[in-house]
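K.L.:
Residue numbers (our numbering): 7 to 583.
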């Protein structure tokens, strides 16, 4: 037994030594960073296709590209434009395209229910309602998301608006405004990309291994996406130079936030400014300082919060718990019209007020099997795995809601919700950091942490087509850590905060015949609604007969009577026997 343990330790040391030598060799043969092309205008044509890339000399890797061999073009869209999309699937299997972060109707969202069959075309059209920020698009077919994204099917979306256009910011794409899609991948012996693996030891930026980028000696803007399947990145610069975050997932922040580290989980985006003024001729690396990550985050020394929690394939992996380079910035001459200062203010962020919430929903993350080996199993939300046929929540149209997320598992989960951008309220009861005070659609929930956010479900309603919510660790998502909700115009908020004594309902409990007596009998009611405990309308526009209402066919249970008097909403609880 002693011999076996020591043999394993020696083999691990040899593996790390060999990997370090290989990494050093790669550092002397850097590759120019690939910058995806752009598509602008109101007509966007995308083709998803099987392709290939030569990442290593003499080896061809099979990939999936969109309008190319890997990744997809950056879509540059304007708020308020009505855009026609054509998504042609030339793969030999079905897929979808989800517009991650965009506020669109469920039929345009591109979730698992909107399948694009092989050799067919999906043609959604919608108005761009979102604020200026960086979003992205990627496949979202259940059980195939990780495969399609890992093989290369993903692209950025840049939304512009009139407010952002007035700010003193870099916005010359590929000159002083650069996309950075950060991922890690695992290759097998034939140099093919592996899926559902925890041995992702090859960092990539924009599908480029060991990249360098020539940048001007001025303020440069980076639109950073963590597009990896699982790995979190703790971003910083080699010289610990301060950089400035100006936007989170869904929009600009009130003012730039100065940072030396930025933790970015899978699915999250951030826009940052780096001032290279006076650094002409220098080389500066963007790194992930994974040695600083706490246990319980994929990418830390230990993937579980307990050192004894193992994850198959995670060790030995030289990236876990170690600092590593992502891209080398080589600073050169300024452009003809450089931005040389960091603006002091950006936009007004109107955070949703907590007191306006109609309801709080509680979601608990847990492993399917408890214990030290839980990381190798599936994960659940409220003890439930995803079922295509089950709608987990029906949300009343225009509801403002608080979602409380509690992670009872040993690993952090980046939670993503479709349809809405939200404001984080608290992390374990504490107001979040300044760079998390903007609009978000992904939030990392660490082990034993509770995160509360608030969102308003407005604009779109559909009783049959759902939106999704899920963990953005793609292996977790594919294995069922996901749920779905519909936003319904037939649902009504049943919050009791407007209940008062301005009406009297009797008898209560009732057998189906009730009387409504107003405090001011001279004032007519504008409308009367009867709502069940799920928030569904049972009766609407009821006419009173001398105060009498006959409620035929109602099952026993709790109901709510809502009346509108002089523009004021009054609610009263009713028990039917």
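Where a beta carbon is used, it is the ideal one built from N, C-alpha and C, also for glycine.
In this text, all values refer to a predicted model and were calculated from it rather than measured experimentally.
Would you mind sorting residue 394 into buried or exposed? The rule is 16 or more other CB atoms within 10 Å of its CB.
P.N.:
Residue 394 is exposed by the Cβ-count criterion.
K.L.:
Grouping DSSP H, G and I as helix and E and B as strand, with all else coil, what is residue 155?
P.N.:
Helix.
K.L.:
Work out the CA separation of residue 348 and residue 279 for me, nearest whole Å.
P.N.:
Rounded to the nearest angstrom, the two C-alpha atoms are 8 Å apart.
K.L.:
Look at the alpha carbon of residue 78 and the alpha carbon of residue 125, and state the distance between them as a whole number of angstroms.
P.N.:
Residue 78 and residue 125: Cα-Cα distance of roughly 18 Å.
K.L.:
Beta carbon of residue 236, beta carbon of residue 480: below 8 Å?
P.N.:
Going by C-beta atoms, residue 236 is nearer than 8 Å to residue 480.
K.L.:
What distance in whole Å lies between the Cβ atoms of residue 140 and residue 162, which are believed to be in contact at a cut-off of 8 Å?
P.N.:
With 8 Å as the limit, residue 162 and residue 140 qualify as a contact, their Cβ atoms being about 6 Å apart.
K.L.:
So, at 7 Å on beta carbons, what are the nonlocal neighbours of residue 134 in its own chain, with the 5 sequence-adjacent residues on each side left out?
P.N.:
Here the set comprises 83, 84, 85, 86, 87, 89 and 165.
K.L.:
Identify whether residue 483 lies in helix, strand or coil by the three-state DSSP scheme.
P.N.:
Correct three-state label for residue 483: helix.
K.L.:
For the segment 178-194 against the segment 311-318, do three or more pairs of beta-carbon atoms, one drawn from each stretch, fall closer than 8 Å, so that the two count as touching?
P.N.:
Counting Cβ pairs under 8 Å, fewer than three are found: no touch.
K.L.:
Would you list the one or two residues that DSSP bridges to residue 257?
P.N.:
For residue 257, which the question treats as bridged, DSSP gives the partners 254.
K.L.:
Which of the three DSSP states is assigned to residue 288 in this structure?
P.N.:
It is coil, neither helix nor strand.
K.L.:
How is the beta strand (DSSP E) around residue 426 delimited, first residue to last?
P.N.:
Neither: residue 426 is in no beta strand (DSSP E) and is coded neither H nor E.
K.L.:
In chain order, what residues of the same chain have a beta carbon less than 6 Å from the beta carbon of residue 305, not counting five sequence neighbours either side?
P.N.:
The answer, listed in chain order, is 237, 238, 296 and 299.
K.L.:
According to DSSP, is residue 317 helix, strand or coil?
P.N.:
Coil at residue 317, not helix or strand.
K.L.:
Go through its chain and collect everything with a Cβ distance to residue 365's Cβ below 6 Å, but skip five positions before and after it.
P.N.:
These residues qualify, in order along the chain: 407.
K.L.:
Taking residue 71 as part of the beta strand (DSSP E), name the residues at either end of that continuous run.
P.N.:
Segment 65-72, the beta strand (DSSP E) holding residue 71.
K.L.:
How far does the beta strand (DSSP E) with residue 202 in it reach, from first residue to last?
P.N.:
Unbroken run through residue 202: none, as it is neither H nor E.
K.L.:
With burial defined as no fewer than 16 other Cβ atoms inside 10 Å of the residue's Cβ, what is the status of residue 152: buried or exposed?
P.N.:
Buried: at least 16 other Cβ atoms inside 10 Å.
K.L.:
In the DSSP output, which residue or residues are listed as bridge partners for residue 418?
P.N.:
Partner(s): none; residue 418 has no beta bridge.
K.L.:
Should the segment 427-442 be regarded as contacting the segment 366-375, the criterion being three or more beta carbon pairs within less than 8 Å?
P.N.:
Contact fails: fewer than three Cβ-Cβ distances are below 8 Å.
K.L.:
Assign residue 129 to one of three DSSP states: helix, strand, or coil.
P.N.:
In this structure, residue 129 counts as coil in the three-state DSSP scheme.
K.L.:
Using only alpha-carbon positions, find the residue among 215, 187 and 172 that is nearest to residue 63.
P.N.:
Selected option, being the one with the closest Cα: 215.
K.L.:
Grab the span of the beta strand (DSSP E) containing residue 95 for me, first residue to last.
P.N.:
Where residue 95 is concerned, the enclosing beta strand (DSSP E) stretches over 88-95.
K.L.:
Assuming residue 329 and residue 293 are in contact, meaning their beta carbons sit under 8 Å apart, how far apart are those beta carbons, in whole angstroms?
P.N.:
With a Cβ gap of about 6 Å, residue 329 and residue 293 count as contacting.
K.L.:
Beta carbon of residue 69, beta carbon of residue 94: below 8 Å?
P.N.:
Against a cut-off of 8 Å, the Cβ pair of residue 94 and residue 69 comes out as no contact.
K.L.:
Can you tell me whether DSSP reads residue 412 as helix, strand or coil?
P.N.:
If DSSP states are grouped into helix, strand and coil, residue 412 belongs with the strands.
K.L.:
Taking C-alpha atoms, which residue in 266, 254 and 61 lies nearest to residue 196?
P.N.:
Comparing Cα positions, the closest option is 61.
K.L.:
Of the choices 218, 466 and 560, whose alpha-carbon is the least far from that of residue 539?
P.N.:
Cα-wise, what sits closest to residue 539 is 560.
K.L.:
What distance in whole Å lies between the Cβ atoms of residue 129 and residue 168, which are believed to be in contact at a cut-off of 8 Å?
P.N.:
Going by Cβ atoms, the distance from residue 168 to residue 129 rounds to 28 Å, so no, they are not a contact pair.
K.L.:
Cβ atoms of residue 445 and residue 255: under 8 Å apart, would you say?
P.N.:
Yes, the Cβ-Cβ distance between residue 255 and residue 445 is below 8 Å.
K.L.:
In whole angstroms, give me the CA-to-CA distance for residue 246 and residue 335.
P.N.:
Spanning the two alpha carbons is a distance of roughly 14 Å.
K.L.:
Are the CB atoms of residue 448 and residue 422 within a distance shorter than 8 Å?
P.N.:
Yes; because the gap between Cβ atoms is below 8 Å, this pair is in contact.
K.L.:
Please report the straight-line C-alpha distance between residue 7 and residue 490, rounded to a whole angstrom.
P.N.:
Legend: pLDDT at residue 7 = 35, less than 50; position of this residue unreliable, no value from coordinates given.
K.L.:
Take residue 558 and list the residues in its own chain whose beta-carbon comes closer than 7 Å to its own, dropping the five residues that flank it on each side.
P.N.:
The residues are 518.
K.L.:
Just checking my contact of residue 281 with residue 225 at CB under 8 Å: how many whole Å lie between their CB atoms?
P.N.:
Yes, residue 281 and residue 225 are in contact; Cβ-Cβ is about 5 Å, under 8 Å.
K.L.:
On the DSSP bridge assignment, give the partners of residue 373 in chain order.
P.N.:
DSSP, once it has assigned bridges, lists 385 as partnering residue 373.
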